[in-house]
Structures are given as structure tokens and as C-alpha cells.
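The structure appears right after this line, and notes come after that.
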Amino acid sequence: MGMTITEKILAAHAQLDKVSPGQLIKAAVDLVLANDITAPLAIEQFRKAGCAHVFDKNKIVLVLDHFAPNKDILSAEQCRFVREFAREQNLTNFFEGGDMGIEHALLPEKGLVKPGQVIIGADSHTCTYGALGAFATGVGSTDVAAAMITGQTWFRIPESIKIIFTGRLGPWVGGKDLILRIIGDIGVDGALYKAMEFTGEVISGLPMPDRLSMANMVIEAGAKNGIMPPDALTRAYLNQRLPSSDQGQIVVGDKDAVYAEVREYCVTDMEPQVAFPHSPENVHGINGIARIPIHQAVIGSCTNGRLEDLKAAAQVLQGRRAAPGVRLIIIPATPWIYEQAMRLGYLETFIKARAVISPPTCGPCLGGHMGILAKGERAIATTNRNFVGRMGHGESEVYLSNPAVAAASAAAGYICGPEHIGVKEPS
Amino acid sequence: MKGTCWKYGADINTDLIIAGRYLNTTDPKILAGHCMEDLDPHFAAGVKPGDIILADKNFGCGSSREHAPLALKTAGITCVVAKSFARIFYRNAFNLGLPVIVCPEAYENSHTGDVMEISLEKGTISNLTRGTTFSAEPMPEFMREIISRGGLMEYVASTRGKG
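Those protein sequence lines, which keep their order, are chains A and B. Counting from 1, position 349 in the first sequence corresponds to residue 349 in our numbering; the numbering is continuous, with no gaps. Counting from 1, position 158 in the second sequence corresponds to residue 158 in our numbering; the numbering is continuous, with no gaps.
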């Protein structure tokens, strides 16, 4: 009986020949991540254990992205606390200010994520890195503290669900729509404790940014990790960032691997998907929904703040303006993306479309800053969660969509797809 | 442990337990003061030391923020009994010394205001108000030791040097 890609990566890091679902293992970690809201608790726990040094100064990544640029005095104190720790430990990978991007966009972009790695992070969207064929999962601050000390953590081997996509994606339909559709089908605990493995002809042709969006949101179905077998597109992505001698370990699942469940989707005729308040599982196709006016549109986040996301938004907004009464907020996820968006003219398109362009930050996604909603306000966002109070007041609402839909909605003033405002095909 | 129940529904996420807008601090007392704010505005003011949370499936889903179990524990909650737990929350709760128990029957047959007595060692949940007792998995000794020490780091510190 063979092993899945997830099982193989975990077995290798536990120095075992074979692992099975349910088995508890102690595994070495290749990268340990925390941010400005989870690192402070981790550092407090690190101190409590009485430890002086992290296990490897090159394998700890600290990113001040959530409430930065510092939104208030308390946030500034948290950032200072993390900064001082990074300096004391002489950490190689500490990102703030103009080096800072939203962590799950930044780490792959910097070449810190490689196939075959085991990565844990005190952020639930750490699962994003599965798009590159790594095992990556979110944990709490205490688990991060323990891993910063020992370089190890314990795991229960998850069962795997294989999801196969066939058919051909239509215009303005991408990774965000695929993952929303699955969450809509299986629910917010549909993959609880499990690995979600994505394959099929659609995935083979799916650009890396879309793959990252999909893996990013597997936590919204309760999954432990999401993973895509590395292929030519993965290799091309790595070639742009890393020497060929340092691109990790390509791991492929066995043909006779055992899956708890196999699901197949034909994506031909799938329309853009929108998750209604207040759950990512409350998913509807764009064409069937009634007229829902919005006050704000947010395009950004670790889910959809990448260059290709901004490209889609710029194509939709070219020559258009946000409707009166709609605040359009664009958040390039990293400084590199910001620069490219400027160079390619996207930022000019956005400014002419009456958009506010934010520096890279998680900001409004988790109700931090840069676009908080008042009581009764409604937003469409390319983010990943639409829980009660997620972007502000407990009586505000968030609808989740892909960047093209969010851009079209901003222009129309109500939720709709690009075709509704006359933008036919992505160019 | 013995306390009064607060009963909530399914998929209670960590944003509801402690909203993102309060994550600019790790001060447990401030976090506890806003615990469950967007779900039940009466919780933070009404919760008493020893109280217990009862919840439907997937309690603690969403963000990995350890501030969530920290807020519950500091508010006075001594145990969460649910039909199921989200993976990260389950791990975080034990790491911070907050016991959580899976017991669908206890959830189905108990209500807000009921007084419950829980034995982690035996895995029993007794509803003293209704005179019923439910069985869950007994908690292994090392897990109870983590709880009684106040969390994983305290447990690790206490076992250091014992070989």
C-alpha cells in the first residue's frame, strides 16, 4: 500500500519509511513562521521555557504584516517586541517596513518555500505553501515557540481527500472560485483534520497564483493542509527564484496511495463564486444572485493580493470608476508586487478608478485597519473569511469573491461579474 | 471541576471568541474582557470562574490565534465541551492548559445555566441540574499534567532535569 504526497513528506521528516493516517510522529521542521500578532505570544512562551537561542537563525521567519505599518501604540509595542527578539536572535528572515509583504505572498516570492518541506506557522493560512508541494500547516503560538527551540513538532498523520478537476475554466473563473465551490460543497468542517490534495487537468494548467489562492483557503474547510503535486509550472516558479541545486525535494504520491475520499469536479460552465455572510461555506454562483449594493470593495490579502490578481482587477477597471458611494481599496501584497503594478500601469488605472492604494498589510481582512466597516456596512472582498465582525462592526457584512468580481462590483456599486459591466474576456 | 454552562451553536470561530480588532495586545485580562463580544455581549460580564462552555460542531474554527483559548481561560472558563473541535484550536487549548472534551451527548442534553461537574481522569460529565451523566474519553495522565501545570511550557519547565 503506497503513500500520498503528504504522508511521504511527513515520513521523510520523521525519518520513517512508512506512515499511516492516525499515526503520531515527531517531525523536523524546515521553516517556522510567526507574525506581529502571534509572535509576541510565542516569544513570551519561548522565554517561559527558559531558552536562550532559537534552534536555527535561518529557519525562523518573522513578518510584521498584520497591524503594520503600526496602526496604534499597542501595535507599535508588539512590533517593537518582535523586532527586539529578531535582533537578539540575529534572525536572517525578519521582514518589516519596506521589506515587508503579507507573509503568505512574501515567503514564496522570496524563495523561502520549497517542495518537500515541512513548514509550520502561527497563522492559519500557512497552508498556502502546499501550492508548491510542501507540507505546511497553521499552529498556535506555543507550538511555534516549542519548534523555535527544538526544530521539531508533533503531528498526527492526516487522512487525505483527493480532489480532481476536469474540464475547462471559463472567463473570470480561477483558483478562488474553485476553492470557494469546494468549501460550499463540503462545509467549513468538511475536511477537518484532513489533507486536501488537488489534481487533474485543470490544476496542471492552473497558474501558481491561483494555486496559492486555493491552498490558502483549505483551512476554511477545516483542513490541516492543502497540497498540489509539483510539476513544470512549479519548477518554472522556482527557477525564477532559486538556483536549480536548491529547489527542495520534489515528492510525488504513490499510484496505490489510499484516500479517505475522492471527489471529481468538471469545471466547464462553472461561474465565478461568491461566499455570502457570515461563512465561507455560504457559496453562490454570481449569475443567480439578486442586486446586493456595497459600500466597500477590498482587493488584496494573502489569498488574492498577488500581481496577477491586480492585473485582473486593472483589466476590469480600465477606463471605469468606482461607483459613487463605493470605497475601493487595493492592497498589493508585497513591495515587489507594488513595484510591478506601478511599472505595468495598474496603479494608475486604480487611481483613475477612484481607488485608495494601501501599502502591503493584512489590514482590513481581519478588522485591523485600512478599511474597517461601520455598523450596517457591506463589503465585497477578495479575502478569505467573512465571519461576523471580521472586517469591523459586528453588524457589518463581508462577501468573498475573486479579484475580477470585486473590481466589477466596485464599478457597478453592487455585486456582479465583469461580464455584467461589459468586460468580456481577460486579455 | 464544576461550573455553570454557557451553550452556543456550531462553527463558533476564533474571531467570535476574540475579535481581530483586539489582537494588538497579549494582555490576558483585556482579551478576557472582550471574549465572545460579537456572539454574546453578556458573556464577558456574566461569566464566573469555573464556568463551562458547551458548543456544537467545529468549535474554534478559523484563525490560529492563541488569544482565543487564552481569553476563554482568563475569563474563568475551565473546560469546553463540544461535538467537535477545529484542529488548531484543540491543540492551542491544551497547550495553554484549557481542557477541551468531545462529547456530543452532553451538548445535546444540556442547556445554558445547567451546573456540570467534569472529571477529566474518568472522562465523565455530570449534569447536576438534570441528574444525567455522559461519558467521554478519559484524559491521559500527561495531558492532565499539562492542564494542572497551566500549559505545555509550564509542563516542559517542570519536567526539565527529571531525565
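Cβ atoms here follow ideal geometry from the backbone N, Cα and C, with glycine treated the same way.
Q: Taking only beta-carbon positions, decide if Met153/B is within less than 8 Å of chain A.
A: yes
Q: Please compile the residues from chain A whose C-beta is within a distance smaller than 7 Å of the C-beta of Ile88/B.
A: Ser124, Gly138, Val139 and Gly140
Q. Which residues mark the beginning and the end of the alpha helix (DSSP H) in which Arg65/B is found?
A. Taken as a continuous stretch (DSSP letters only), Arg65/B belongs to no alpha helix (DSSP H), as it is neither H nor E.
Q.
So, for Asp231/A: in the same chain, excluding its five sequence neighbours on each side, which residues have a beta-carbon less than 8 Å away from its beta-carbon?
A. Ser204
Q. Who does Val298/A pair with in a DSSP beta bridge?
A. Ile329/A and Ala381/A
Q: Determine, using beta carbons only, whether Leu180/A comes closer than 8 Å to chain B.
A: No, Leu180/A lies away from the interface with chain B (no Cβ there is under 8 Å from its Cβ).
Q | Arg65/B at chain A interface by Cβ criterion, 8 Å | A | yes
Q | the stretch 79-91 of chain B / the stretch 396-408 of chain A touching (three or more Cβ pairs under 8 Å) | A | no
(Q) If you follow the alpha helix (DSSP H) that Cys79/A is in, where does it begin and where does it stop? (A) Ile73 to Glu88
Q.
Nearest by alpha-carbon distance to Val59/B: which of Gly76/B, Ala32/B and Tyr107/B is it?
A. Note that residue 59/B is Phe in the sequence shown, not Val. Comparing Cα positions, the closest option is Tyr107/B.
Q. If we count the other Cβ atoms within 10 Å of its Cβ and call it buried at 16 or more, is Gly124/A buried or exposed?
A. In the sequence under discussion, the amino acid at residue 124/A is Ser, which differs from the Gly named in the question. When all chains shown are included, Ser124/A counts as buried.
Q: Anything in chain A within Cβ reach of Val156/B, meaning under 8 Å, just list it in chain order.
A: Ala49 and Ala146
**Q.** For Pro69/B, the three-state DSSP class (helix, strand or coil)
**A.** helix
Q: State buried or exposed for Thr429/A, treating a residue as buried only when at least 16 other CB atoms are found within 10 Å of its CB.
A: In the structure as shown, chain A begins at 1 and stops at 427. Residue 429/A is therefore absent and cannot be evaluated.
Q: Could you please tell me which residues of the stretch 184-200 of chain A, in chain order, have their CB closer than 7 Å to any CB of chain B?
A: Val188, Asp189, Leu192 and Tyr193
**Q.** 3-residue-minimum beta strand (DSSP E) runs that sit fully inside the stretch 79-131 of chain B, ordered along the chain
**A.** 79-82, 100-102, 115-119 and 124-127
**Q.** Cα-Cα separation between Cys51/A and Ile149/A, rounded to whole angstroms
**A.** 7 Å
Q: Spell out the partners DSSP gives Ala355/A in its beta bridges.
A: According to DSSP, which records beta bridges pairwise, Ala355/A is partnered with Leu328/A.
Q) Around the C-beta of Met1/A, are 16 or more other C-beta atoms found within 10 angstroms, so that it is buried, or is it exposed? A) exposed
**Q.** Contacts that Leu96/B makes with chain A (C-beta to C-beta distance below 7 Å)
**A.** Thr142
Q: Can you have a look at Ile102/A and say buried or exposed, based on whether 16 or more other CB atoms are within 10 angstroms of its CB?
A: buried
Q: Mind the definition here: the stretch 61-78 of chain A touches the stretch 352-361 of chain A only if three or more C-beta pairs lie below 8 Å; say whether that holds.
A: yes
Q: Would you please state the rounded distance, in angstroms, between the beta carbons of Glu271/A and Thr166/A? I believe it to be under 8 Å.
A: 17 Å between Cβ atoms; not a contact.
Q: Identify the contact partners of Val388/A in chain B, using a Cβ-Cβ distance below 8 Å as the criterion.
A: Asp15, Leu16, Asp38 and Leu39
Q.
Cβ closer than 9 Å: which chain A residues qualify as neighbours of Lys73/B?
A. Result: empty, since nearest Cβ-Cβ is about 13 Å, beyond 9 Å.
Q. What does Pro360/A reach in chain B if we use C-beta pairs closer than 7 Å?
A. Under the 7 Å cutoff, chain B gives no residues; its nearest Cβ is about 17 Å from Pro360/A.
Q) Do the CB positions of Arg378/A and His295/A come within less than 8 Å of each other? A) yes
Q) Where does Gly345/A land, buried or exposed, given buried means 16+ other C-beta within 10 angstroms? A) When all chains shown are included, Gly345/A counts as exposed.
(Q) For a contact defined as C-beta to C-beta under 9 Å, what are the partners of Asp72/A on chain B? (A) Correct list: Asn24.
Q: Can you tell me the Cβ-Cβ gap for Leu96/B and Pro138/B, rounded? I've got them flagged as a contact below 8 Å.
A: Their Cβ separation, rounded to whole angstroms, is 21 Å, which puts Leu96/B and Pro138/B out of contact at 8 Å.
Q | When Asp256/A, Leu206/A and Asn216/A are compared against Thr4/A, the one with the closest alpha-carbon | A | Asp256/A
Q.
Could you compute how far the alpha carbon of Arg390/A sits from the alpha carbon of Lys2/B?
A. Taking the straight line from one Cα to the other gives about 33 Å.
Q.
What does the alpha-carbon distance come out to for the pair Gly133/A and Ile250/A?
A. 7 Å
Q: Can you pull the chain A residues whose beta carbon is under 8 Å from the beta carbon of Ser84/B, in chain order?
A: Asp189 and Leu192
Q | Ile77/B in three-state terms, based on DSSP | A | coil
Q: Could you say if the stretch 228-243 of chain A and the stretch 140-149 of chain A meet the contact criterion of at least three C-beta pairs nearer than 8 Å?
A: Contact between the stretch 228-243 of chain A and the stretch 140-149 of chain A is absent, because fewer than three Cβ pairs lie under 8 Å.
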